[in-house]
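Q: Next up is a structure, given as structure tokens.
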Amino acid sequence: MKIALTKSSLLVPPTYFAVAHAMRMAGEETRFHFFTMAAEIRDNAVTVPVTDFAPRRDLPFKKREKYLPIVMPAMAKAISDYCPDIIHQHFATWSWPAVAASKRRDIPLLTTLHGADVVMAGRNHRSAMERWHKHNLRASMSRSQRILAVSEYLAALAVRNGFPAGKIDVHYQGVDTDIFIPDPLRRENPVPTALFIGALNHQKGISHLVEASNQLIGTVPHRLLVAGKGVLEPEIIRAAEQNAQMSFLGSLSREGVLKNLQHADVVIAPSRMHNGAREAAGLVLLEAQACGTPVIAYNSGGTSEMTGPESGRLVPEDDVTSLRRAMEDFFRMDPGSRSGLRGSAREFAVAERSLAKSCLELSRHYQELAR
49 MKIALTKSSL LVPPTYFAVA HAMRMAGEET RFHFFTMAAE IRDNAVTVPV
99 TDFAPRRDLP FKKREKYLPI VMPAMAKAIS DYCPDIIHQH FATWSWPAVA
149 ASKRRDIPLL TTLHGADVVM AGRNHRSAME RWHKHNLRAS MSRSQRILAV
199 SEYLAALAVR NGFPAGKIDV HYQGVDTDIF IPDPLRRENP VPTALFIGAL
249 NHQKGISHLV EASNQLIGTV PHRLLVAGKG VLEPEIIRAA EQNAQMSFLG
299 SLSREGVLKN LQHADVVIAP SRMHNGAREA AGLVLLEAQA CGTPVIAYNS
349 GGTSEMTGPE SGRLVPEDDV TSLRRAMEDF FRMDPGSRSG LRGSAREFAV
399 AERSLAKSCL ELSRHYQELA R
């Protein structure tokens with residue numbers, strides 16, 4: 049079986065989710081090829097063949113993305129000429145090349161929704177670009193034989209925003225529990241250590257976490273490590289300079305992400321509603337639990353589906369007081385209790401949200417569509 053994976057652009061890292069299943073499933077019986085308008089692969093571990101079409105590889109990736117509109121016909125032709133058994137499009141926006149290739153050779157189209165596309169479907173278009181996105185969304189809804197949502201939350205939102213309920217199924221992305229593993233040589237931290245990894249923006253709630261941590265100064269000893277980049281980076285750097293319990297790690301490599309997840313006592317993800325959008329899933333929560341690290345998160349969007357019943361704690365969205373209390377309860381916990389949470393976290397990730405399980409489910413979808 050030949051699968052054409054399609055997406056508007058591909059930047060690895062951090063966009064591992066788009067290639068992770070193909071890297072695990074590829075073999076003699078299933079072959080993958082990734083088609084995208086602009087690509088930049090900075091990890092030699094990515095073995096999936098990738099073809100992109102934007103010119104000027106001497107330009108930075110963001111500038112190459114500006115060529116997306118003019119290379120769509122070439123991408124559609126290349127997908128069609130590949131003669132795949134299935135076209136698997138990531139995001140319903142920018143889906144024109146996949147839809148066109150599907151129509152040209154009557155190839156089954158599978159689309160995975162990730163969040164931004166579903167939010168766009170619920171908005172009134174205000175610009176030429178948003179009208180273009182709406183056109184893509186309608187085409188994807190119509191042409192896709194099956195539509196996968198990365199959480200129950202997102203599936204329900206998609207139906208409310210016009211996606212056909214009869215085509216939608218939930219497919220959790222999963223994390224590679226052979227890569228994200230507990231460190232067998234892990235040592236107890238001198239003081240409880242909390243970790244945030246993600247975009248430094250308002251939706252990820254990093255300002256709420258910093259506020260909650262500052263409220264605990266003088267109450268319970270702890271460390272807060274913050275990794276990522278984004279519009280709030282200057283604010284986070286200033287906060288780290290002013291507060292001794294806080295450290296800013298900047299942007300981490302994949303190895304750095306793994307090391308910090310393994311050594312933290314808890315990962316905190318206070319993702320929240322911003323500009324009409326919530327977190328659709330939250331893979332960092334699964335990566336943390338796969339490493340045996342418990343999590344604390346706002347009960348927002350799809351985060352509750354990424355948190356094991358015995359390996360994390362959900363608090364009301366935008367409730368900084370509840371977030372602070374959950375952090376304090378965890379920091380005061382005895383080492384034995386924290387060890388029990390670590391075991392439960394690993395068990396949940398392996399049993400319910402592993403990449404291996406996700407690949408089995410995706411293989412079933414491919415087989416059904418190919419028939």
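For the sequence shown, my numbering begins at 49 and goes up steadily by one. The C-beta atom is built at its ideal place from N, Cα and C for all residues, glycine as well.
Please classify residue 388: does DSSP put it in a helix, a strand, or coil?
A: Helix.
Q: If we count the other Cβ atoms within 10 Å of its Cβ and call it buried at 16 or more, is residue 292 buried or exposed?
A: Residue 292 is exposed by the Cβ-count criterion.
Q: Expressed to the nearest angstrom, what Euclidean distance is found between the alpha-carbon atoms of residue 284 and residue 354?
A: Distance between the alpha carbons of residue 284 and residue 354 is about 26 Å.
Q: Should residue 21 go down as buried or exposed, given a rule of 16 or more other Cβ atoms within 10 Å for buried?
A: Since the first and last residues shown for the chain are 49 and 419, residue 21 lies out of range.
Q: Is DSSP giving residue 354 helix, strand or coil here?
A: Residue 354: helix per DSSP, three-state reduction.
Q: Considering only C-alpha positions, which residue in the set 226, 153, 142, 53 is nearest to residue 186?
A: Here the closest residue by C-alpha is 142.
Q: Assign residue 105 to one of two classes, buried (16 or more other C-beta atoms within 10 Å of its C-beta) or exposed (fewer than that).
A: Residue 105 comes out exposed.
Q: Do residue 214 and residue 245 come within 8 Å of each other at the CB atom, strictly closer than that value?
A: No, the Cβ-Cβ distance between residue 245 and residue 214 is not below 8 Å.
Q: Going along the chain, which residues of its own chain have a beta-carbon closer than 6 Å to the beta-carbon of residue 50, five neighbours each way excluded?
A: Cβ neighbours of residue 50 beyond the five flanking positions: 79, 132, 133.
Q: Taking all protein chains shown into account, decide if residue 316 is buried (16 or more other Cβ within 10 angstroms of its Cβ) or exposed.
A: Under this definition residue 316 is a buried residue.
Q: How many angstroms separate the CA atom of residue 194 from the CA atom of residue 72?
A: The alpha-carbon atoms of residue 194 and residue 72 are separated by roughly 22 Å.
Q: Thinking C-beta only, is residue 297 closer than 8 Å to residue 375?
A: It is not a contact, given that the beta carbons lie outside the stated cut-off.
Q: Give the straight-line distance between the Cα atoms of residue 200 and residue 318, rounded to the nearest whole angstrom.
A: Taking the straight line from one Cα to the other gives about 19 Å.
Q: Would you tell me roughly how many angstroms separate the C-alpha atoms of residue 90 and residue 59, rounded to the nearest one?
A: Roughly 8 Å between the two C-alpha positions.
Q: Assuming residue 68 is part of the alpha helix (DSSP H), what are its boundary residues?
A: It spans 65-73 - the alpha helix (DSSP H) in which residue 68 sits, taken as one unbroken run.
Q: Using only CA atoms, which one of 109, 128, 107, 114 lies nearest to residue 53?
A: Residue 53 has its Cα closest to that of 128, out of 109, 128, 107, 114.
Q: Looking at the strands, I want to know which residues DSSP matches up with residue 138.
A: DSSP, once it has assigned bridges, lists 160 as partnering residue 138.
Q: Residue 272 bridges to which residues according to DSSP?
A: DSSP, once it has assigned bridges, lists 242, 294 as partnering residue 272.
Q: Report, in whole angstroms, the separation of the C-beta atoms of residue 198 and residue 162, which I expect to be a contact under 8 Å.
A: At roughly 6 Å, the Cβ-Cβ gap stays under 8 Å, so residue 198 and residue 162 are in contact.
Q: Using the C-alpha atoms, what's the distance from residue 400 back to residue 333?
A: If you take the alpha carbons of residue 333 and residue 400, they lie about 13 Å apart.
Q: Who does residue 54 pair with in a DSSP beta bridge?
A: Beta-bridge pairing links residue 54 to 83, 137.
Q: Take residue 326 and list the residues in its own chain whose beta-carbon comes closer than 6 Å to its own, dropping the five residues that flank it on each side.
A: Contacts found: 348, 349.
Q: Do residue 273 and residue 249 come within 8 Å of each other at the CB atom, strictly closer than that value?
A: Against a cut-off of 8 Å, the Cβ pair of residue 273 and residue 249 comes out as no contact.
Q: Would you mind stating whether residue 138 and residue 251 have Cβ atoms separated by less than 8 Å?
A: The answer is no: Cβ separation not under 8 Å.
Q: Would you kindly work out how many angstroms separate the C-alpha atoms of residue 232 and residue 100, rounded to a whole number?
A: Those two C-alpha atoms are separated by around 41 Å.
Q: Name the residue from 94, 402, 388, 295 whose alpha carbon lies nearest to the alpha carbon of residue 261.
A: Nearest of 94, 402, 388, 295 to residue 261, Cα basis: 295.
Q: Spatial neighbours of residue 164 within its chain, please: CB distance less than 8 Å, with the 5 preceding and 5 following residues excluded, ordered by chain position.
A: The residues are 139, 141, 325.
Q: Can you list, in chain order, the residues of its chain whose CB lies under 7 Å from that of residue 109, leaving out five sequence neighbours each side?
A: If we look at residue 109 and ignore the five residues flanking it on each side, its Cβ neighbours are 59, 86, 88.
Q: When the distance is taken between beta carbons, is residue 371 closer than 8 Å to residue 183?
A: It is not a contact, given that the beta carbons lie outside the stated cut-off.
Q: Output needed for residue 74: all residues of its chain with C-beta closer than 6 Å, excluding positions within five of it in sequence on either side, in chain order.
A: Counting only Cβ-Cβ distances below 6 Å, and skipping sequence neighbours, we find 80.
Q: Comparing alpha-carbon positions, which option in 328, 344, 290 lies nearest residue 241?
A: For residue 241, the nearest C-alpha among the options comes from 344.
Q: Note down, in chain order, each residue of its chain lying with its Cβ closer than 8 Å to the Cβ of residue 116, except the 5 sequence neighbours on either side.
A: So the list reads 56, 57, 85, 86, 102, 142, once near-sequence residues are dropped.
Q: Whole-angstrom Cβ separation of residue 309 and residue 342, contact assumed at under 8 Å?
A: Between residue 342 and residue 309 the Cβ distance is about 11 Å, and since that is not below 8 Å, they are no contact.
Q: To the nearest angstrom, how far is the alpha carbon of residue 483 from that of residue 174?
A: Any question about residue 483 goes unanswered here, given that the chain covers just 49 to 419.
Q: Output the distance between the C-alpha atoms of residue 156 and residue 411, rounded to the nearest integer angstrom.
A: Each residue's Cα considered, the two are about 14 Å apart.
Q: If you reduce the DSSP assignment to three classes, tell me which class residue 317 lands in.
A: If DSSP states are grouped into helix, strand and coil, residue 317 belongs with the strands.
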